[in-house]
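Novice: I have a structure I would like to understand better, so I am pasting it below and will then ask my questions one at a time.
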Amino acid sequence: MDKLKEKFASIALPMKEEVKALIKEHGDKKLGEYTVAAVYQGMKGMIGMVTETSKLDAEEGIRFRGFSIPEIREKLPKAPKGTEPLPEGIFYLMLTGEIPTYDDVLEISNNWARRSIVPKHVFDILEKLPPNTHPMTQFCIAISALQTESLFAAAYRKGINKKHYWDYTYEDSMNLIGRLPRVAAFIYRRMYHNNVHIEPDPKLDWAANFAHMLGFEQIDFRRLMRLYLTIHADHEGGNVSAHATHLVGSALSDPYLAFTAGMAGLAGPLHGLANQEVIAWILDMREQLGGGLPTKEQIADYVKKTIEEGKVIPGYGHAVLRKTDPRFTAQQDFYQRYIKPKGDDDLLEIVQSIYEVVPPILGSIGKIKNPWPNVDAHSGALLMHYGMKEFDFYTVLFGVSRSLGVLASLIWDRALGHPLERPSSITTEGIKKKIAAMEKTGTNG
Ligand code: CMX
506 MDKLKEKFAS IALPMKEEVK ALIKEHGDKK LGEYTVAAVY QGMKGMIGMV
556 TETSKLDAEE GIRFRGFSIP EIREKLPKAP KGTEPLPEGI FYLMLTGEIP
606 TYDDVLEISN NWARRSIVPK HVFDILEKLP PNTHPMTQFC IAISALQTES
656 LFAAAYRKGI NKKHYWDYTY EDSMNLIGRL PRVAAFIYRR MYHNNVHIEP
706 DPKLDWAANF AHMLGFEQID FRRLMRLYLT IHADHEGGNV SAHATHLVGS
756 ALSDPYLAFT AGMAGLAGPL HGLANQEVIA WILDMREQLG GGLPTKEQIA
806 DYVKKTIEEG KVIPGYGHAV LRKTDPRFTA QQDFYQRYIK PKGDDDLLEI
856 VQSIYEVVPP ILGSIGKIKN PWPNVDAHSG ALLMHYGMKE FDFYTVLFGV
906 SRSLGVLASL IWDRALGHPL ERPSSITTEG IKKKIAAMEK TGTNG
């Protein structure tokens, strides 16, 4: 058993009994009252599931096991001479609740490198797809093609005791995380670099090796990848990619299938695809204004025009957050620290101007609950700066990172024995009847 797995087992398995006792003793206690509006409006604010890996606060942003974004940037181990956290560390933290040592993350790096071999049929399937297939569609297809390797599915077919589910889920998740950078880099190089691929370098950490296979060798791009893959990893359990992975996993679909479902959700423009939409929107604006740096007035006019056309401003708003996303701020800090001292970057400067212009306009509309930027408002401009201009690919990077959080959660789900998820629904007719009954008795609920 590898050390991380042993540690996870020593923490998670005793907790299963604790949770059982909690349900037995307090199972009838109320966690909230749900309104008609909440039922119609995407269950926002309902506490409807347990997620151990992270918790999102509307004002403060995400905390991974209690640690904020600035804290993980400071506390998680870095590569030698590195300045940004290694994503291996956030995975360890989410799985165990503890900040790892450098040796712990090194061991995970080596572990993932050993597991990174992708079977040939996955590349063959990708080769058969029309070259203009969206990278996220290719990513989903590749992950489900990898399902042939599922140890969970094979063991289930043979018949295993429930108490071992978490073990096979752990093994599948580790194998999948090890393989994802290779798959993602293959999609990228096939689409945008004449199908010329770069062999992995197992001596590099997970993020640096990914940057290398994509074809980016600059030290600062490696730094960016380490930060990027760390901060996109998890956003508690209710977001579409996490919830879809959890939901599909609750049917005991194996981690490959559950993660494919999560990635299909991430590919939606209201979720992860917003990172490509942001850049497309900024480039369109720049083109319509004839190039160069737009003034704040020009940006404001373009924002108003977008809204009048019945579209959203990509990268702004959030279902839970009510302040600037600290993941946006971390990327802003990256720009200030590593890029701006060498000279302004036009696109990154436009991102800063948009940040000044958009919130007051969205705020003045009245109905938008959060006028502030989310993680996607910034990420694309940083990638463009380092020469990754193929913005259709950006959501795949998000997906590689998101694997860390949603698969850590899936391991927890299986360790705690969370059951099939199957909430009830109601018809509008049923709601009307309940309202009529409440009005008759003068009660609310
Ligand atoms: N631009 C224009 N209108 C917006 C808006 C934006 N950025 N954000 C919200 N609104 C609108 C909604 O479309 C909704 O309009 P209708 O009542 O006409 O349907 C209204 O304001 C209320 O929405 P809300 O309750 O504030 O927001 P939701 O929780 O429903 O949606 C989100 C959240 C993120 C989908 C939404 O803010 C949005 O569409 N943002 C742009 C897309 C985006 O950046 N998504 C990425 C989110 C982060 C991530 O998952 O990666």
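Residue numbering for the sequence shown is 506 to 950, as defined by my numbering. Every residue, glycine too, gets a C-beta built ideally from N, C-alpha and C.
#1: If you measure from the CB of ASP850, is any heavy atom of ligand 1 nearer than 7 Å?
#2: Spatial neighbours of ASP677 within its chain, please: CB distance less than 7 Å, with the 5 preceding and 5 following residues excluded, ordered by chain position.
#3: Pull up the CB-CB distance for THR750 and VAL911, whole angstroms please, since I reckon it's below 8 Å.
#4: Suppose only complete runs of 3+ residues qualify. What are the beta strand (DSSP E) ranges in the region 564-635, listed by chain order?
#5: Restricting to runs no shorter than 4 residues, where is the alpha helix (DSSP H) found entirely within the region 857-936?
#6: Please say whether ILE604 and ILE630 have beta carbons closer to each other than 8 Å?
#7: In the DSSP output, which residue or residues are listed as bridge partners for TYR821?
#8: Can we count TYR807 as close to ligand 1, meaning its CB is less than 7 Å from some heavy atom?
#9: Counting Cβ pairs closer than 8 Å, one from the region 813-828 and one from the region 857-873, do we hit at least three?
#10: Alpha carbon to alpha carbon, how far is MET730 from PHE896?
#11: Can you tell me whether ASN666 is buried or exposed, with buried defined as 16 or more other CB within 10 angstroms of its CB?
#12: Count the other C-beta atoms from every protein chain shown that fall within 10 angstroms of the C-beta of SER515, then say buried if there are 16 or more, exposed otherwise.
#13: Quick check on this structure: which residue in GLU854, GLU511, ILE703, HIS717 has the alpha carbon closest to the alpha carbon of GLY797?
#14: Should GLU741 and LYS549 be called a contact, given that it needs their Cβ atoms to be closer than 8 Å?
#15: DSSP beta-bridge partners for LYS560?
#16: Any chance the CB of ALA658 is under 7 Å from a heavy atom of ligand 1?
#17: To the nearest angstrom, report how far apart GLU926 and VAL524 are at their CA atoms.
#18: Quick one: what's got a C-beta closer than 7 Å to SER858's C-beta in the same chain, skipping five residues either side?
Specialist: So, to answer that:
#1: No, Cβ of ASP850 sits at least 7 Å from all heavy atoms of ligand 1.
#2: These residues qualify, in order along the chain: SER655, LEU656, PHE657, ASP759, PRO760, TYR761.
#3: Separation of the CB atoms of THR750 and VAL911 is rounded to 4 Å, and the pair is thereby assigned contact status at 8 Å.
#4: Segments of the beta strand (DSSP E) lying fully in the region 564-635: 566-569.
#5: Those alpha helix (DSSP H) runs which fall completely within the region 857-936 and span 4+ residues are 881-890, 899-921.
#6: Result no, Cβ atoms of ILE630 and ILE604 do not sit closer than 8 Å.
#7: Looking at the DSSP assignment, TYR821 forms a beta bridge with PRO878.
#8: Look at TYR807: its beta carbon is at least 7 Å from all of the heavy atoms in ligand 1.
#9: Short answer: they touch.
#10: When rounded, the distance between both Cα atoms is 15 Å.
#11: Classification for ASN666: exposed.
#12: SER515 is exposed by the Cβ-count criterion.
#13: GLY797 has its Cα closest to that of GLU854, out of GLU854, GLU511, ILE703, HIS717.
#14: Not a contact, by the Cβ cut-off of 8 Å.
#15: The beta-bridge partner set that DSSP reports for LYS560 consists of ARG568.
#16: Within 7 Å of the C-beta of ALA658 there is not a single heavy atom belonging to ligand 1.
#17: C-alpha separation (whole angstroms): 17 Å.
#18: Short of 7 Å from the beta carbon of SER858, and not among the five residues preceding or following it, lie these beta carbons of its own chain, in chain order: LYS801, ILE804.
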